[in-house]
Amino acid sequence: MWDFLSQILQSLQLHHYNTRVVVSGVTVFGATAGVIGAFMLLRKRSLTGDALSHATLPGVCLAFMLSVQLGGTGKSLPVLLSGAMISGLSGLGVMLFLRHWTRLREDSILGIVLSVFFGLGVVLQGMAVNMKQGQAAGLSSFIYGRTASMLAADAWLIVVGALVASLICALLFKELTLLCFDQDFAGAQGWPVLFLDSLLMFLVAVVTVIGLQAVGLVLVVAMLITPAAAARFWTDRLAWMVWGSALIGAASGLVGALASAMVPRLPAGAVIVLIASAMFAISLVFGAKRGLIVRLLQRRHLHTSTSSQHILRALFELREHGDEAVPLESLVQKRSWTPRAVRHALARAVRAGYVRQAGDLWCLTEAGGVQAHRVVRNHRLWEIYLVSHADVATSRVDREADRIEHVLGEVMVARLEKKLGNELDGQRMPPSPHVINGHHP
Amino acid sequence: MNGAEVANSATRKGSEHPDAPLAIHDLTVAYHRRPVLWDVDLVLPKGKLIGIVGPNGAGKSTLIKAVLDLTPRASGRVQFYGKSYREQRHRVGYVPQRESVDWDFPVTVQDVVTMGRYRQIGWFRRVSKAHRQAAYTALERVGMADFADRQISQLSGGQQQRVFLARALAQEAEIYFMDEPFAGVDASTEKAIVTILQGLRASGSTVLVVHHDLQTVPQYFDHVVMLNMRVVAHGPTEEVFTEENLVKTYGGRLTLFDEAVRAVTQHRAKK
Amino acid sequence: MIAEFANSWTAHDTWIITTGALAAVACSLLGCFLVLRKQSMMGDAISHAVLPGLAIAFIVTESRGSVVMFIGAAVVGVLTAVFTETVHRIGKVEQNASMGVVFTTLFALGLLLIENAAHHVDLDPGCVLYGALELVKLNSVSVLGMDIPQAALNCGAVTLLNALFVFVCFKELRIATFDPDLATTLGINAMALHYGLMTLVAVTVVACFEAVGSIMVIAMLVVPAATAQLWTKQLGTMLAVAVSLGCGCAVLGHLGAILLPRLVNQPATNTQGMMAVMSGVFLAVAVLLAPQQGIVSRIVRRITLSQRIAAEDILGMLYRLESPVTQGTIVTLPDMSSILRASGGVGSTGFRLALRKLTRDGKIVRAGAGCGLTDAGRAAAADIIRSHRLWEVYLSHHLGVPLHELHFAAEQLEHVTTPAMQQELANSATDSEARDPHGREIPKGR
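Following this line, the structure appears as C-alpha cells:
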C-alpha cells in the first residue's frame, strides 16, 4: 500500500525521466489538437480529421517496409511519421480531387478516403508482418498509440510540430476566422479560400501525425473534436474558445498520461480520450454560456419574469379603471392563462412585496404600484413604437410588444424613449394604442 | 449581306466600357451542366441604385457570385471600371445572403464588421485601433453602435442584416453588391437600409441589390435588371419596369429554348 | 504460375469469398441509403462504437460469438445513433462533431474494458478492426450435412434480413430519403425508419465484424454505394449496381490478396484490407469512366462536340459566302481560319482536324489553296443555316432578344438543334415566315 502511494507521489513529481517525457509530449499534443480542432469545429469539418488519421496507416507501413528493405530496423519514428505525413496528405489530395471532380457528397468522400486508405494500410501491414527482417509488430501500436514507449526525441518531434501548427494559427488567426465564418465574403475580398482551406487541413494532418504516437490513429480524431466542442459551451468569443480548447486538450493529455503511468492496465490513449469526454460532459451540463443548466435557468428566469410582469400589468390596468382590489377570476380573465399560473405569479409577487392579499381580493402595494407603472409604461412605449415605426397592425401590437419587452433590457428602453422623445414627455404614462380587454382607453 | 452576318459576331466582342462600374459580356454559368445564367450582357451606369428582380431560380444570386469570382463561369468576361475584378477588388463591397453564415458563430458584432477591413489590414497583421474605429463608425451609420459587443446569435433578423450592411460599409467601396438585404427584415430596418443606400448613391457609389418585393421596385431603384436565366430587360426603372417585361420575366420558361440552352451549357460547362 | 495458383485453391478460399461477398452485399444494401441520406459516416461511427458492447458481453459470457455478445453490440450501436442525436439537440453541437464525440468515447471505453479483461479472455481490439477471414473455416457448423462456417451463416442471415428490410420498406425508404417532408405528410414515420436503419447497420456491423472486420464493413457501407451513385440515378439500379460491386470486391479482394504480394515475392496478405482497396479501385474507374459523370467521358463528349461545332461552323461560313450565282466559291484556308477566329470559333488545330473530317466525309472539296462545298456539304450547311435562322426568328419573337444579339445566340443554339427541335421551331414560326429577323432567307427543310 505504502509502495503504491509513493509510486503515485513519484509520478506526480515527475521523478522518472520517462514519465516526464511522456507527460510533456502528450500535453503539448493535446493543446495543439485543441487549437486546430476549434477551427475545424467552426468550419463544420470535424470528421475530416477522422478520415485523415485513418489515411496515415498505409504511409506508416510503407515507410516501415522501405526502411527495412534499405537495411534499417524500421523503428525510426521520424521515418515512420514522414510516411504517415505523406500518405495523410495524399488522402487530403484525394478528398480535394473527389470534391472538385465528382458530385459525391462530403460525407461519402470522407467515408471513401477513410476506408480505402485504411484498407490499403491493412494490406501493407499484412505484408510487413511477413517480412523476415524488422519487427512489424510495433506497427499496430500506431493504431492505438504507444504512449509509454515515447522517447525524448519523439517528444521533441511533437513539440516542433505543435509549435509550427500553433504559430501558423496565431499568425493567420484573423484569416482563418474569416474563412470559418463567411467563406464567400472572404473569397470576394480576395483571400485565397482554397489555399487557406488546404492549409487548415494540412494542420490537421500535422496534428494527426504527431498524435499517432500519443493516442493512436483511431482516437486522434477525438482530440480534434472533443476539447473544441467542450470549450464552445463556456464562451462566445472565438479567442477564448481557442484558448479553452487548448487548455482542455492539454489537461486531458496531462491527466490521462499521469493516470496511465500510475495505474496498470490503463492504455494512455483511451484514458486521455475518456478524460476529454468527461470534460465535454461536464461542459455540456455546466458550461457558462451554452451549458444545459445555464440555458434552463435563462428560460426559467425569462418565464418567471414574464409572468410577474404580466400580473403587475394586469393589476395596474384594472386599477386604471377603478378596481383597486380584484378577485382572482378577473385576473384570470385578463389573459389566456390558467388559474394555477396566476396563483403562482401572485405568490411570487407577494413575496417580492409588490402585491397584497386582502381576503379574496388582491391589490398592488406601494412598491408594486411603482414597479407596475414602469412595466406598463415600457410596454406601451413599445406598442407605440411598433405601431408608428414598424407598421405592426394595432390588433397584433399587444402580443408583439409582449414578446420584445421581456427580452430587451434597459438600454433599449432608453433608446426607445429617446426616439419617441418628441412625442412623449418625461415620466407620463402614455395611453395604450389599442383596446384593453373590453375597456376603451 | 451574308458577309455582314459573319462580321456581326466579330464586332460583338470589341466594345469596352472603361467608365462603367460593371460591364458583363456573354456571361454563362452552369451548375452541374444545368444553365443558371445564359449569355448575360450588362453595362451598368455609375452612381445609381440598381435592383435585380426575377423569379426564384432565375440566377440573381448566381449573377452576383459569378461576377465576384465566387462561382466558376462557363464563359464570359467581367470588368469593373474597365479592369478585371482582381485589380479592382478594393472598390467592391459585398453583402451576402443573411442565411449563408452560421449566426451561432462565437464572434461579436464588432468582430463581424471589422471583417470588412481585413483586406486593408492585410496578411498576418493584427487589427489596429484605426480599423476598429472605422468598423465602429460603420456600425453607427446603421444604428447598431449600442450592439457592438453583443454576440451575433443574440440579434434579430433585421439586426443581422444591418450588421452585414455595416460590414460592407466598412469596406469603403464604390460599387456594392447586396444579396437580398431586405429578406426577412422588419419595416423599420427596411426603411433604414433604404436610407443608407440612398446615402451611398448620393456619395457617388453604385449599388446593386437583389430584390424580391416587386411593389417597392419603382420606389427604391433608379435602374432595374430583369433576370430570368438571361437578361430580359434592363434600364431606367420607369422605362423598363413594365407589365410586358414582368410577364416575360415571370411568365415561366420556354421548354424548347430551355432544352437547347441546356445542351449548349453541357458543352461549355468546363471549358 | 496459374497452374500453381489453381492447385493451391481450396474449399477454404471459396468459403472466404462467399463469406466476404455475403458481408459485402449486406453492407452495400444499407450503404445506398446511408450515402443518399448523407449519413455515410454513421457506418464508421457505429462500427467503432460497438467495441464496448462486444467487450462487456465478452466479459460477461467469456466466449465469442454468443447471442449475448451480438445483442450487446447491437444495443451499443443503436445507442450511438441515439446519443449523437441527443448531444446534437440538447447541446446544440453540430451533428458531425457530436457523432465524433460519441463514437470516440465509446471506442476508448471499449479499449479500456478489453485491456482490463484481457487477462481472462482472449479478445484484442485488432480482431474488431481487421476481422479474421482467414480463420473462417475454424468455426464451422453442420447444416444439412454440409460444413458451413459460422461466420458465413451470420453474414448470410444479415444479408437476408437487410434484403427483406429494403424489399418491404422500399417505397417508404425512397420517399423518406428523397423528400422527408413529403414522407411526413404521407404519414411515414421518418424517425422510426431512421432508427430502424441504424439498428440494422449496428446488427450488420456486429454480424460481419468477426469475419471481415470493421474497416471492411465501413468500406462496403460507403464505397460501392457511392460508386453506384456515379453510374446511375435510379434507386433500384443503384442498389443492384452496389450489390454487384460488393460481390466483385469480395472476389477480386481475395484474388488480389493472394496474387499481388507474389509480385514482390511475398506470401498472401489480408483479404479484408484488399477488399476495401478493390472497392477504391472500382470507385476510381467510375470516377474516370462513368457514362454521364465520368471525367474521361466528359472530356470525350466535349471534344466530339467541339469537333462537330468546328465542322458545322466551316460549312455554315462557306454557305454564307456563297450566293446562288457563285455556287462552288473557293475560299482560301487563311481567309477561312481568320474569319472563324474573328467570330470566336475554333483554334488552328481544331480547324485543321475539322477540315480533314469534312473532306473525308465528302462535304467539301479541296482546290488549290482553298476549298469549297460539295452538293452534300451544301445540303448539310443549308440545314444548319436553317436551324440558325429559325432560332433567330424564335428568339426574336418569343424572347424579345434584340436584333444585334440574335446572331451570337443562334450561333450557339444551332449546333444542338435536333431535327425534332428544328421541326418544332418551324411550327412555332408564324405566317410561313421565309425570312429571319435580319431579312435573310431561311433555307427550306429537307
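Sequence order for the protein chains is A, B and C. First residue of the first sequence? That's 52 in my numbering, and the numbers climb one at a time after it. First residue of the second sequence? That's 1065 in my numbering, and the numbers climb one at a time after it. First residue of the third sequence? That's 92 in my numbering, and the numbers climb one at a time after it. Glycine included, every Cβ here is placed at the ideal spot set by N, Cα and C.
{"Item": "Rank Lys262(C), Thr290(C), Ala293(C) by C-alpha distance to the C-alpha of isoleucine 279(C) and give the top, closest one.", "Value": "Lys262(C)"}
{"Item": "What does threonine 286(A) reach in chain B if we use C-beta pairs closer than 8 Å?", "Value": "Pro1170"}
{"Item": "With a CB to CB cut of under 6 Å and the five nearest residues on each side skipped, what residues in its chain are close to isoleucine 568(C)?", "Value": "Within the shown structure, residues of chain C are numbered from 92 to 537, placing residue 568(C) beyond reach of any answer."}
{"Item": "Is the distance from the Cβ of glycine 1121(B) to the Cβ of tyrosine 1240(B) below 8 Å?", "Value": "no"}
{"Item": "Quick check on the burial criterion: 16 or more other C-beta atoms within 10 angstroms. Buried or exposed for valine 173(C)?", "Value": "exposed"}
{"Item": "Report the residues of the region 127-147 of chain C with a CB closer than 8 Å to any CB of chain A, ordered along the chain.", "Value": "Lys129, Gln130, Ser131, Met132, Gly134, Asp135, His139"}
{"Item": "Between Leu1203(B), Asp1213(B), Glu1236(B), which lies nearest to arginine 1226(B) when the distance is taken from Cα to Cα?", "Value": "Leu1203(B)"}
{"Item": "Chain C beta carbons: is any one of them nearer than 8 Å to that of valine 1100(B)?", "Value": "no"}
{"Item": "Hey, is leucine 216(A)'s beta-carbon within less than 8 Å of any beta-carbon in chain B?", "Value": "Per the sequence presented here, residue 216(A) reads as alanine, with leucine not at that position. Output row for alanine 216(A): interface = no."}
{"Item": "8 Å is my cut-off, CB to CB: does histidine 491(A) come that close to chain C?", "Value": "At histidine 491(A), the pLDDT of 41 sits below 50, so the modelled position is not reliable; the number obtained from the coordinates is stated separately. Taking Cβ atoms only, chain C never reaches closer than 8 Å to histidine 491(A), which makes this a no."}
{"Item": "Where do the N-terminal and C-terminal ends of the beta strand (DSSP E) with phenylalanine 1241(B) fall, by residue?", "Value": "1239-1243"}
{"Item": "Quick one: residues in its chain with C-beta nearer than 7 Å to the C-beta of threonine 416(A), no 5 flanking neighbours on either side, listed in chain order?", "Value": "Gly404, Tyr405, Val406, Arg407"}
{"Item": "Give me the residue from Gln1223(B), Val1271(B), Thr1259(B) with the minimum Cα distance to aspartate 1243(B).", "Value": "Val1271(B)"}
{"Item": "How about lysine 1085(B) and glutamate 1238(B): are their beta carbons less than 8 Å apart?", "Value": "It should be noted that the sequence gives proline, not lysine, for residue 1085(B). Yes."}
{"Item": "Excluding sequence positions up to five away, which residues of its chain have a Cβ less than 6 Å from the Cβ of isoleucine 1088(B)?", "Value": "Val1104, Leu1106, Val1142"}
{"Item": "Within a Cβ cutoff of 6 Å, which residues of the same chain sit near proline 390(A), ignoring the five residues on either side of it in sequence?", "Value": "Val383"}
{"Item": "Whose C-alpha, out of Tyr286(C), Gly453(C), Ala375(C), is nearest the C-alpha of leucine 121(C)?", "Value": "Tyr286(C)"}
{"Item": "Taking only three categories from DSSP, how would you classify histidine 395(A)?", "Value": "helix"}
{"Item": "Quick check: is the beta carbon of glutamine 120(A) nearer than 8 Å to any beta carbon in chain B?", "Value": "no"}
{"Item": "I'd like to confirm the pairing. Which residues does DSSP put opposite aspartate 238(C) in its beta bridges?", "Value": "Ser233(C)"}
{"Item": "Tell me the DSSP bridge mates of lysine 1110(B)?", "Value": "For lysine 1110(B), which the question treats as bridged, DSSP gives no partner whatsoever."}
{"Item": "Figure out for me which residue from Val492(C), Arg477(C), His495(C), Ala208(C) has the closest Cα to the Cα of methionine 512(C).", "Value": "Arg477(C)"}
{"Item": "The beta strand (DSSP E) with isoleucine 1088(B) in it runs from where to where?", "Value": "1086-1095"}
{"Item": "Give every residue of the same chain whose Cβ lies closer than 6 Å to the Cβ of serine 118(A), excluding the five residues on either side of it in the sequence, and list them in chain order.", "Value": "Gly125, Val130"}
{"Item": "Within 7 Å: the Cβ of histidine 179(C) and any heavy atom of the ligand MN?", "Value": "Of the ligands one can find in the structure shown there are none, so the ligand MN has no counterpart to examine."}
{"Item": "Can you tell me whether tyrosine 1158(B) is helix, strand or coil according to DSSP?", "Value": "strand"}
{"Item": "State the Cα-Cα distance for the pair alanine 203(A) and isoleucine 163(A), rounded to the nearest angstrom.", "Value": "36 Å"}
{"Item": "Can you tell me which residues form a DSSP beta bridge with proline 1300(B)?", "Value": "His1287(B)"}
{"Item": "Please tell me whether valine 1271(B) has its Cβ less than 8 Å away from any Cβ of chain A.", "Value": "no"}
{"Item": "Alpha carbon to alpha carbon, what distance is there between aspartate 1133(B) and leucine 1091(B)?", "Value": "12 Å"}
{"Item": "Where does the unbroken alpha helix (DSSP H) through threonine 277(A) begin, and where does it stop?", "Value": "271-283"}
{"Item": "In three-state DSSP terms, what is lysine 1147(B)?", "Value": "strand"}
{"Item": "Could one say the Cβ of serine 328(A) lies closer than 8 Å to chain C's Cβ atoms, at least one of them?", "Value": "yes"}
{"Item": "Report yes or no: do the region 88-99 of chain A and the region 109-123 of chain C share at least 3 C-beta pairs separated by less than 8 Å?", "Value": "no"}
{"Item": "Determine the DSSP secondary structure at proline 109(A), reduced to helix, strand or coil.", "Value": "helix"}
{"Item": "Take the Cβ of leucine 289(A) as the centre, count every other Cβ of all protein chains shown within 10 Å, and call the residue buried at 16 or more, exposed below.", "Value": "buried"}
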